[in-house]
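The structure appears right after this line, and notes come after that.
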Amino acid sequence: FLGAGSKIDQVEIAEADIIIGVPSLQAHNLETKIREERWQYLVAELVCRSEFEDSLELLCGFVRRQLRRATTEKFEVERESSHPPVPVPYLFLTPKGVELDLRLFNRDTMRRALPALVAILERETRGWFLHFRERLISELRSQKLPDEEIEREVNQAVMKEYLQRVYTSILSHPDLLALGEGIPQLLVQQAQSVVLMHRAVENVQKKLTKTKDSLKQRIEYMYPVFSRIRPWMRDKLRSAENHFIEECQWSAHEEALMLCTSQRLHQTVYFLNRDLTFMREREPVLLKELRKVKTPTRSFQWLTQIWFPSNWIVRRSFQGQSEVIPTVQSATATSITTPRSDPSGFSCRERSCSYHHHKVANVEVDQLLPPNVELDVERHVVIPWCSPVSLRALLCVEPFMPDLELSQVNGTLFPRKSSLTPTLSSRLLSLWRHISKSRTHFETKPDTGFIGKGFTRHLNRLWNYLVKGLLGTLCVVLIFPLVCFVASFCSLAMALTAFIWLIGYCGGSPAL
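The sequence shown begins at 1 in the UniProt record's numbering and counts up one residue at a time.
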């Protein structure tokens, strides 16, 4: 019944999310952040030896230069970081004065050691395995041991012999000795550490298996009927396994520490201690703090146009760095008038799913309000005051330039010449200038035709003054103002009623 109730709750939450939206938050990259903190904690106490402090300073300076270079240039970071031009220190001291040799983290050293290690691993598997295994089996059978115990003892003895042969070959191999003093010993200690850690895990797993077997026998003895029900038995064993894991979650580390201490692997013991301390003390605190930093799983963005030029966003980019500079308007253009990039005339409205009723807010505030504001500003400002059929084109005397472009010299905004918009007065002036030029051109042209200028002059005057001048002026004076008034008043009416008809337009939007 509890499971059915939780499913019903999940269905109700899903329905509420579909209708109005419920908060959906998540702590992103939690495992990555914990892993980075863990790496930092492992080496936080290490101090570079005094003879390598200069190398450490050079390395830090190289990293700073690369970080500054990355902001201005494009290069492959992995390729250049794999071969740094400065020496990297690998010898460190713990607070107790124990020396740690980390030369196995040198990629060049491991690349040179890899062929010799592969050859040793392949060579030591030949010539002795079968004879050694048969001899051990015959000796253990003479002691009349069970087959399972014989198999376990033989496998352990074979692995121990194989590892001993590999260790001996590594310590005496000339190619590995040529890599540097102490490199073969580091390789052997690393191999021993890995083997002991695997052994610790196997011991804990064996302990878990024994615990489950003993629990199963006890349940079968105490509940002979219920123990025959497989689902009930699986639940009991699963709960026992979870309880064992909760109680013995550090047993593998503790077992590995004990085994490595007995083999005097001080370097491995130090890092295992640091790792165990981090998981016991610091990781729960970090998880608690990092889980509080949650971000929405989904975000919704809408672009809203910035209509007023004084609010435009101007960015100056130089050598890979970008900064926002003050927006300045100028009436005259600079020497460079062709813009390479326009200023940002849009602002991005972002809303996330981090609160209740976010879908209702997205529809009402972001999906309806920005188009409403866009249309409202367009009908209130653009068409009545900036278009070729605006009231401004009707009332102003001089032509105007409503659009602006960005100067690449000082970042100012100046009028765009291509947006020159004529007015009623400028249209009349342009018409009569055209008539004047046409009459001047006719009078200055020599009389070479069959019919003389005395007759054609009257036709030219009739065409220019009557047809072009009178009819053109009547069209401009009578029709142009009517078009301007109709377009402006219609746009204002649409802007005032936009909130009514826009709801029906956006009601069926797929963004819901």
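Beta carbons: idealized from backbone N, C-alpha and C, even for Gly. On a predicted model such as this, the values are computed, not experimentally measured, just so you know.
Where do the ends of the beta strand (DSSP E) carrying valine 50 lie? Position 50 of the sequence shown, counting from 1, holds the residue named residue 50. Note that residue 50 is serine in the sequence shown, not valine. First-last for serine 50: undefined, no H or E at that position.
Which of the three DSSP states is assigned to phenylalanine 271 in this structure? Along the sequence shown, read from residue 1 onward, the residue named residue 271 stands at position 271. In this structure, phenylalanine 271 counts as helix in the three-state DSSP scheme.
Residue from Val409, Asp54, Ala44 with nearest C-alpha to arginine 316: For the purposes of this step, residue 316 is taken as residue 316 along the sequence shown, with counting starting at 1. For the residues Val409, Asp54, Ala44, the minimum Cα distance to arginine 316 belongs to Val409.
Can you grab the Cα-Cα spacing for the pair alanine 240 / phenylalanine 62, in whole Å? Here residue 240 refers to the residue found at position 240 when the sequence shown is read from its first residue. Here residue 62 refers to the residue found at position 62 when the sequence shown is read from its first residue. Straight-line measurement puts the Cα of phenylalanine 62 at about 54 Å from the Cα of alanine 240.
Among His253, Glu148, Pro174, whose alpha-carbon lies nearest the alpha-carbon of aspartate 115? In the sequence shown, the residue the question calls residue 115 occupies position 115. Reading off the sequence shown, one finds proline at residue 115, where the question assumed aspartate. Out of His253, Glu148, Pro174, Pro174 has the C-alpha closest to the C-alpha of proline 115.
For leucine 413, count the other beta carbons within 10 Å of its own beta carbon; 16 or more makes it buried, fewer makes it exposed. Which is it? Translated into positions along the sequence shown, residue 413 becomes position 413. Label assigned to leucine 413: buried.
Would you report the Cα separation of arginine 340 and proline 326, rounded to the nearest angstrom? Taking the first residue of the sequence shown as 1, we reach residue 340 at position 340. Taking the first residue of the sequence shown as 1, we reach residue 326 at position 326. Residue placement at arginine 340 is poorly supported in this model, since its pLDDT is 42, which falls under 50; the coordinates are not used for a value here.
Can you tell me whether threonine 32 is helix, strand or coil according to DSSP? For the purposes of this step, residue 32 is taken as residue 32 along the sequence shown, with counting starting at 1. The DSSP-derived three-state label of threonine 32 is helix.
So does the segment 131–141 actually touch the segment 212–222, counting three or more Cβ pairs closer than 8 Å? Not touching, per the Cβ criterion.
Would you identify the three-state DSSP class for glutamine 156, choosing helix, strand or coil? Locating residue 156 in the sequence shown gives position 156, counting from the first residue. Three-state result, glutamine 156: helix.
Among residues of its own chain, excluding the 5 on either side of arginine 68, which ones have a beta-carbon nearer than 7 Å to its beta-carbon? Sequence index remark: in the sequence shown, residue 68 carries index 68 (1-based). Shown here for arginine 68: not one same chain residue has a beta carbon closer than 7 Å to its own, the five before and five after excluded.
Would you call the segment 171–188 in contact with the segment 142–159, where contact means no fewer than 3 C-beta pairs closer than 8 Å? no
Below 7 Å between beta carbons: does that hold for serine 488 and proline 384? The residue you call residue 488 lines up with position 488 of the sequence shown. The residue you call residue 384 lines up with position 384 of the sequence shown. Taking 7 Å as the Cβ cut-off, serine 488 and proline 384 qualify as a contacting pair.
Near leucine 171, which residues of its chain fall below 6 Å by C-beta distance, leaving aside the five closest residues on each side in sequence? As a position in the sequence shown, residue 171 is number 171, starting the count at 1. Correct list, in chain order: Pro184.
So, under 8 Å CB-CB, phenylalanine 52 and leucine 102 are touching, yes? Tell me the CB distance rounded to an integer number of Å. Residue mapping note: residue 52 aligns to position 52 of the sequence shown, counting from 1. Residue mapping note: residue 102 aligns to position 102 of the sequence shown, counting from 1. In fact, because the Cβ distance is near 12 Å, the residues do not count as touching under 8 Å.
Residue range of the unbroken beta strand (DSSP E) whose run includes serine 317: Numbered from its first residue, the sequence shown carries residue 317 at position 317. Serine 317 -> beta strand (DSSP E) spans 314–318.
The alpha helix (DSSP H) enclosing isoleucine 435, as first and last residue numbers: By 1-based counting over the sequence shown, the position of residue 435 is 435. Residues 424–444.
Quickly, what does DSSP pair glutamate 73 with across the bridge? List them, please. In the sequence shown, counting from the first residue as 1, residue 73 sits at position 73. According to DSSP, glutamate 73 bridges with nothing at all.
For the candidate residues His253, Pro231, Arg218, whose alpha-carbon lies nearest to that of leucine 196? Indexing the sequence shown from 1 puts residue 196 at position 196. The option with the nearest alpha carbon to leucine 196 is His253.
Which residue comes first and which comes last in the alpha helix (DSSP H) that contains valine 195? Within the sequence shown, the letter at position 195 stands for residue 195. Here the alpha helix (DSSP H) through valine 195 covers 183–222.
DSSP puts serine 322 in a beta bridge; with which residues? Translated into positions along the sequence shown, residue 322 becomes position 322. BP columns for serine 322 point to Ser317.
Quick one: does isoleucine 479 have its CB under 7 Å from some CB of chain D? Note that chain D does not occur in the displayed structure, where there is just one protein chain.
For tryptophan 250, which residues in the same chain have their Cβ closer than 8 Å to its Cβ, ignoring the five residues on either side in sequence? Taking the sequence shown and counting its residues from 1, the one referred to as residue 250 is at position 250. Around tryptophan 250: Leu276, Met279, Arg280.
Comparing C-alpha positions only, which one of Thr32, Leu100, Pro446 sits nearest to arginine 49? For this step, residue 49 is matched to residue 49 along the sequence shown. Cα-wise, what sits closest to arginine 49 is Leu100.
Between the segment 475–486 and the segment 432–451, do at least 3 Cβ pairs fall closer than 8 Å? The segment 475–486 is not in contact with the segment 432–451.
Tell me, to the nearest whole angstrom, how far the beta carbon of leucine 117 is from that of valine 88; I am working on the premise that it is less than 8 Å. Within the sequence shown, the letter at position 117 stands for residue 117. Within the sequence shown, the letter at position 88 stands for residue 88. With a Cβ gap of about 22 Å, leucine 117 and valine 88 do not count as contacting.
Beta-carbon within less than 8 Å of aspartate 342's beta-carbon, same chain only, minus the 5 sequence neighbours each way: which residues are those? By 1-based counting over the sequence shown, the position of residue 342 is 342. Caution applies to aspartate 342, whose pLDDT of 46 falls short of 50 and renders its modelled position unreliable; the model cannot decide the point.
Short Cβ contact (7 Å threshold) for serine 419 with aspartate 403: Residue numbering aside, residue 419 sits at position 419 when the sequence shown is read from its first letter. Residue numbering aside, residue 403 sits at position 403 when the sequence shown is read from its first letter. Contact: yes.
Quick check: what's the CA-CA separation for alanine 495 versus leucine 287? By one-based count along the sequence shown, residue 495 stands at place 495. By one-based count along the sequence shown, residue 287 stands at place 287. If I take the Cα positions, the gap works out to 53 Å.
Excluding sequence positions up to five away, which residues of its chain have a Cβ less than 8 Å from the Cβ of valine 166? Here residue 166 is taken as the residue at index 166 of the sequence shown, counted from 1. If we look at valine 166 and ignore the five residues flanking it on each side, its Cβ neighbours are Ile120, Leu121, Glu124, Ala191.
Have a look at leucine 290 and methionine 110 and give me their C-alpha separation to the nearest angstrom. On the sequence shown, position 290 is the one that residue 290 refers to. On the sequence shown, position 110 is the one that residue 110 refers to. Straight-line Cα distance between these residues: approximately 36 Å.
In chain order, what residues of the same chain lie with their CB nearer than 8 Å to the CB of glutamine 321, ignoring the 5 residues before and after it? By 1-based counting over the sequence shown, the position of residue 321 is 321. Contacts found: Thr71, Thr72.
Contacts around arginine 427, its chain only, beta-carbon distance under 6 Å, and the 5 residues preceding and following it disregarded: Indexing the sequence shown from 1 puts residue 427 at position 427. Hits under 6 Å: Val476.
Starting from phenylalanine 455, follow the alpha helix (DSSP H) in both directions and report where the run begins and ends. Mapped onto the sequence shown, residue 455 falls at position 455. Unbroken alpha helix (DSSP H) run through phenylalanine 455: 453–461.
Extent of the continuous alpha helix (DSSP H) run through phenylalanine 400: In the sequence shown, the residue the question calls residue 400 occupies position 400. Here phenylalanine 400 belongs to no alpha helix (DSSP H), and DSSP marks it neither H nor E.
Counting C-beta neighbours from all protein chains within 10 Å, is the total for asparagine 29 16 or more, i.e. buried, or is it exposed? Looking up residue 29 in the sequence shown gives position 29. Around the beta carbon of asparagine 29, fewer than 16 other beta carbons sit within 10 angstroms, so the residue counts as exposed.
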